[in-house]
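Trainee:
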Amino acid sequence: MHRDRDQAARRSGRGGRGGDAETADAALAAAGDGRAFERLYRAHVARIHSLVRRMMGPDQADDVTQDVFVRAWNKLATFRAEAAFGTWLHRLAVNVILARRTTLGTERGRYDDSEDALEVVPSRPGAGVELSVDFEQAMGRLPDGARQVFVLHDIEGYRHEEIADMLGIVEGTSKSQLHHARMALRRHLER
Numbered sequence: 002m003h004r005d006r007d008q009a010a011r012r013s014g015r016g017g018r019g020g021d022a023e024t025a026d027a028a029l030a031a032a033g034d035g036r037a038f039e040r041l042y043r044a045h046v047a048r049i050h051s052l053v054r055r056m057m058g059p060d061q062a063d064d065v066t067q068d069v070f071v072r073a074w075n076k077l078a079t080f081r082a083e084a085a086f087g088t089w090l091h092r093l094a095v096n097v098i099l100a101r102r103t104t105l106g107t108e109r110g111r112y113d114d115s116e117d118a119l120e121v122v123p124s125r126p127g128a129g130v131e132l133s134v135d136f137e138q139a140m141g142r143l144p145d146g147a148r149q150v151f152v153l154h155d156i157e158g159y160r161h162e163e164i165a166d167m168l169g170i171v172e173g174t175s176k177s178q179l180h181h182a183r184m185a186l187r188r189h190l191e192r
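In this note's numbering, the protein residues as written are 2 to 192.
#1: Please confirm whether residue 167 and residue 151 have their CB atoms less than 9 angstroms apart.
#2: With a Cβ-Cβ cutoff of 9 angstroms, do residue 62 and residue 53 count as a contact?
#3: Checking 9 angstroms against the spacing of the C-beta atoms, do residue 189 and residue 147 come in under that value?
#4: Which whole-angstrom value describes the C-beta separation of residue 89 and residue 38, a residue pair presumed to lie in contact below a C-beta threshold of 8 angstroms?
#5: With C-beta atoms as the reference, is residue 44 less than 9 angstroms away from residue 23?
#6: To the nearest angstrom, report how far apart residue 108 and residue 163 are at their CA atoms.
#7: Measure from the alpha carbon of residue 145 to the alpha carbon of each residue in 78, 102 and 170, then state which is nearest.
#8: Under 9 angstroms, do residue 186 and residue 143 count as touching if we go by C-beta distance?
#9: State the Cα-Cα distance for the pair residue 81 and residue 192, rounded to the nearest angstrom.
#10: Give the C-beta separation of residue 195 and residue 97 to the nearest angstrom, bearing in mind that I take them to be a contact with Cβ-Cβ under 8 angstroms.
#11: Alpha carbon to alpha carbon, how far is residue 85 from residue 160? Give it in angstroms, no decimals.
#12: From residue 35 to residue 56, what distance separates their C-alpha atoms?
#13: Which class does residue 166 belong to by DSSP, given the choice of helix, strand or coil?
#14: Have a look at 50, 60 and 77 and flag the residue whose alpha-carbon is nearest the alpha-carbon of residue 29.
#15: Whole angstroms are fine: how far does the CA of residue 83 sit from the CA of residue 175?
#16: Can you say whether residue 92 is buried or exposed, counting buried as having 16 or more other CB atoms within 10 angstroms of its CB?
See below:
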């Protein structure tokens, strides 16, 4: 299936610049070359910002994205090129996001089955172009746990086992959160 291959390519960091060029830039940046780090930043900032926005919401996306790249700069010496730079950066971003959520005191976010969980985002039939904006807003209204699992599984392509390890939950909880997220989004978008 193309979706699985595309998600694997996104997670592996392919699709941007070549892996050898990024590995070289990572080594240069680790040695203090700001221009090399800028190239890495430009190659990955949109994808990281999108991940952060989906997992944290638009209000914190810029700050957390900046934190990810500050952390990347500080941790470049730990990049071993055993995987693509994009894969390393993506995992670092997930760790920064999860740490920020903990710092903010955000609970894991059990599924909220209340009627008003997605009420404030109206959906109009035939809105067409607005559908993606409506979908992003609806995702932002999901409880934290459901949104995290939905983004990691359906958008980023992680398996439930990987998600459970990342979030410190059991696989069954990951599956349940995903199911609840999909149902809530479906109900919202069918209005």
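Glycine included, each C-beta is placed from N, C-alpha and C at the ideal position. Note that the structure is predicted; figures quoted are calculated from it, not measured.
Mentor: Reading from the atomic positions:
#1: Along the sequence shown, read from residue 1 onward, the residue named residue 167 stands at position 166. Along the sequence shown, read from residue 1 onward, the residue named residue 151 stands at position 150. No.
#2: In the sequence shown, the residue the question calls residue 62 occupies position 61. In the sequence shown, the residue the question calls residue 53 occupies position 52. Cβ distance < 9 angstroms, so residue 62 and residue 53 count as in contact.
#3: Here the question's residue 189 lines up with position 188 in the sequence shown. Here the question's residue 147 lines up with position 146 in the sequence shown. The answer is no: Cβ separation not under 9 angstroms.
#4: Taking the sequence shown and counting its residues from 1, the one referred to as residue 89 is at position 88. Taking the sequence shown and counting its residues from 1, the one referred to as residue 38 is at position 37. The pair is not a contact, with the Cβ atoms about 14 angstroms apart (cut-off 8 angstroms).
#5: Looking up residue 44 in the sequence shown gives position 43. Looking up residue 23 in the sequence shown gives position 22. Cβ distance < 9 angstroms, so residue 44 and residue 23 count as in contact.
#6: Counting from 1 along the sequence shown, the entry for residue 108 is found at position 107. Counting from 1 along the sequence shown, the entry for residue 163 is found at position 162. Because residue 108 sits at a pLDDT of 44, beneath the cut-off of 50, its placement in the model cannot be relied upon, and the following sentence gives the value as read from the coordinates. The alpha-carbon of residue 108 is positioned some 20 angstroms away from that of residue 163.
#7: Taking the sequence shown and counting its residues from 1, the one referred to as residue 145 is at position 144. For residue 145, the closest C-alpha among the options 78, 102 and 170 is that of 102.
#8: Stepping through the sequence shown from its first residue, residue 186 is reached at position 185. Stepping through the sequence shown from its first residue, residue 143 is reached at position 142. Yes, Cβ-Cβ distance for residue 186 and residue 143 is below 9 angstroms.
#9: In the sequence shown, residue 81 corresponds to position 80, counting from 1. In the sequence shown, residue 192 corresponds to position 191, counting from 1. Each residue's alpha carbon lies about 49 angstroms from the other.
#10: Limits of the chain in this structure are 2 at one end and 192 at the other, which puts residue 195 out of reach.
#11: For the purposes of this step, residue 160 is taken as the residue at position 159 of the sequence shown. For the purposes of this step, residue 85 is taken as the residue at position 84 of the sequence shown. Approximately 19 angstroms between the Cα atoms of the pair.
#12: Sequence index remark: in the sequence shown, residue 35 carries index 34 (1-based). Sequence index remark: in the sequence shown, residue 56 carries index 55 (1-based). Taking C-alpha positions only, residue 35 is separated from residue 56 by approximately 28 angstroms.
#13: Position 165 of the sequence shown, counting from 1, holds the residue named residue 166. Reduced to three states, the DSSP call for residue 166 is helix.
#14: Along the sequence shown, one-based indexing puts residue 29 at 28. Answer by Cα proximity: 77.
#15: One-based indexing of the sequence shown puts residue 175 at position 174. One-based indexing of the sequence shown puts residue 83 at position 82. Going from the Cα of residue 175 to the Cα of residue 83 covers about 28 angstroms.
#16: As a position in the sequence shown, residue 92 is number 91, starting the count at 1. Exposed: under 16 other Cβ atoms inside 10 Å.
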